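Student: Okay, handing you the structure first.
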Amino acid sequence: MARVQIPPSVRRGEVFEIRVLLQHPMETGYRFDVLGSAVPKNVIHTLTVDYAGQRIFKAEMSTGISANPYLSFYTRATESADLQLAWSDDKGQKGQLAVPVVVA
């Protein structure tokens, strides 16, 4: 699951901030449970963001990222279109989210 915050509307050519919070445990594989067994590694390894048909952001994460990673980045508004977010983790689980960008 993810939460994305962007301005409600932006002007054409305006640079705006995109804030993403991914809800994920980000297990490193180095921790042990109460029975002494290793907790299997499970981190989000790739997050991509496309806007208006172009890749505007890609993050490749590893065990150094904390649980529930927060990312912030900027892009320039070109047209009203969806931000398409996609991510996948070590267990093969994938997530997608579309967030509309309104250019006034």
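The sequence shown maps to residues -4 to 99 in the numbering used here. Using N, Cα and C, we set each Cβ at its ideal position, and we do this for glycine too. Every value quoted in this text rests on a predicted model; they were computed, and no experiment measured them.
(1) If you run the structure through DSSP and keep just helix, strand and coil, what is V34?
(2) Keeping to the same chain, check which residues put their C-beta closer than 8 angstroms to that of G48; ignore five residues upstream and five downstream.
(3) Output needed for V5: all residues of its chain with C-beta closer than 8 angstroms, excluding positions within five of it in sequence on either side, in chain order.
(4) Please identify the residue among S32, D85, V94 whose C-alpha is closest to the C-alpha of Y46.
(5) Would you give the residue range spanned by the beta strand (DSSP E) that R13 belongs to?
(6) Checking the sheet assignment: what are the DSSP bridge partners for R71?
Tutor: Reading off the structure:
(1) coil
(2) A76
(3) F11, A72, V96, V97, V98, A99
(4) V94
(5) Looking at the sequence provided, one finds Ile at residue 13 rather than Arg. Here the beta strand (DSSP E) through I13 covers 10 to 17.
(6) V10
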